[in-house]
Amino acid sequence: MEVRSGANPQDFKNYTTERIREDFLIQDLFVSGEIKLVYSQIDRIITGAACPVAPLTLEAGAELRAAYFLERREMGIINIGPKGTVSVDGQPYELDSRDGLYIGKGAKEIVFTSADPQAPAKFYFNSAPAHQTYPTRKILLSETAAQHLGSLNESNERTIHKYIHPDGVKSCQLVMGMTILEPGNMWNTMPCHTHDRRMEVYLYFNIPDDAVVFHLMGEPGETRHVVMRNEQAVISPSWSIHSGVGTKNYTFIWGMVGENQVFSDMDAVPMSQLK
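Residue 1 is where the sequence shown starts when you use full-length UniProt numbering, and the numbers rise one by one after that.
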């Protein structure tokens with residue numbers, strides 16, 4: 001498990017491009033036959049992925065000092081690849097592409113498998129500390145709370161699918177979902193915002209090989225960017241904006257942890273304040 005330190009906004013102003021990428025960009029998430037884990041000391045979120053050729057079992061690792069991965073944690077999973085199965089203490093949950101799964105605190109054995117090892121599933125997940133156990137639930141894309149926003153005129157027509165949230169599949173602190181941009185639309189989360197009470201991780205995918213996403217971060221008056229490619233994630237501290245524009249349309253998964261779960265608890269940033 002890779003461990004990333006927290007970040008001070010005053011220090012961030014002086015980071016080079018390479019330092020920003022080292023601290024916040026997560027590359028090479030989906031490696032066939034492996035589980036990748038990145039532990040951020042920003043709100044203790046773990047971002048990970050499993051791409052099973054043979055069954056893969058999720059282990060706690062020395063970094064957690066726990067008997068098993070979810071001893072004191074919860075997690076949300078969304079499959080962005082071919083069909084696969086997540087077994088939770090022997091109970092199998094088959095996930096098609098874009099199906100999700102919430103697993104509550106206390107589940108001891110998590111095993112990832114693919115329906116076809118020649119076309120492995122791509123299980124993406126976020127995990128956060130938890131103080132209460134909520135039921136494990138499978139989440140179909142068709143069952144998510146969907147909100148259509150934006151317009152082609154503003155280049156941000158998109159549908160937000162909420163998988164794990166207070167009015168749906170409940171969790172201790174994790175909120176998770178997916179945003180799908182319509183063809184011809186490139187912008188996400190603009191006008192932008194911050195939320196001091198929560199941090200966020202974005203996973204960008206469905207980006208063509210000849211395209212990139214410019215992910216914007218930093219304080220509103222001190223913005224920086226990270227060039228993102230397909231199936232890469234980026235960590236966003238609570239003091240940072242988290243917005244992006246692609247050279248083509250794309251999809252992204254967002255996961256938030258922190259003080260509350262209120263989706264609309266955002267501090268809007270007027271366009272005039274951006275620098």
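Yeah, the Cβ is synthetic: ideal placement off N, Cα and C, and Gly gets one too.
For residue i: DSSP bridge partner residues
i	result
I180	T159, T251
W187	V245
F205	T251
H195	BP columns for H195 are empty, so no partner.
residue 278	Here the chain covers residues 1 to 275 and nothing more, so residue 278 does not appear.
V262	Paired residue(s): none; V262 is not in a bridge.
G84	L95, S114
G100	I78, I139
Euclidean distance between Cα positions of residue i and residue j
i	j	result
Y68	S40	18 Å
S264	Q91	35 Å
H193	D267	5 Å
D89	E222	47 Å
K105	M256	17 Å
R44	H242	18 Å
F197	C172	As written in the sequence, residue 197 is Arg, which differs from the Phe given in the question. The alpha-carbon atoms of R197 and C172 are separated by roughly 15 Å.
L64	S155	42 Å
N230	L37	18 Å
G6	T17	17 Å
P52	A115	10 Å
H131	N153	44 Å
M75	S127	4 Å
residue 286	P129	Any answer about residue 286 is impossible in this case: the structure gives the chain only from 1 up to 275.
Proximity below 8 Å, CB of residue i to CB of residue j
i	j	result
Y202	W254	yes
Y163	T144	yes
I77	Y124	yes
G218	S240	yes
V226	Y250	no
E120	S97	Here residue 120 is Pro; the residue named in the question, Glu, does not match the sequence. Result no, Cβ atoms of P120 and S97 do not sit closer than 8 Å.
I42	D99	no
R158	L181	yes
The alpha helix (DSSP H) enclosing residue i, as first and last residue numbers
i	result
S214	According to the sequence as given, residue 214 is Phe; it is not Ser. Not the alpha helix (DSSP H): F214 falls in the beta strand (DSSP E), residues 213–217.
Q10	9–12
Span of the beta strand (DSSP E), counted from its first residue to its last, around residue i
i	result
P92	91–95
residue 281	Since the first and last residues shown for the chain are 1 and 275, residue 281 lies out of range.
E2	2–4
R224	224–228
Q173	Counting along the chain, Q173 falls outside any beta strand (DSSP E), and DSSP gives it neither H nor E.
Q147	145–149
Unbroken beta strand (DSSP E) runs of length 3 or more, entirely within the stretch 16–67: which are they? 34–40, 46–51
Quick check on the DSSP output: what are the complete beta strand (DSSP E) runs of length 3 or more inside the stretch 103–136, in order along the chain? 110–114, 123–129
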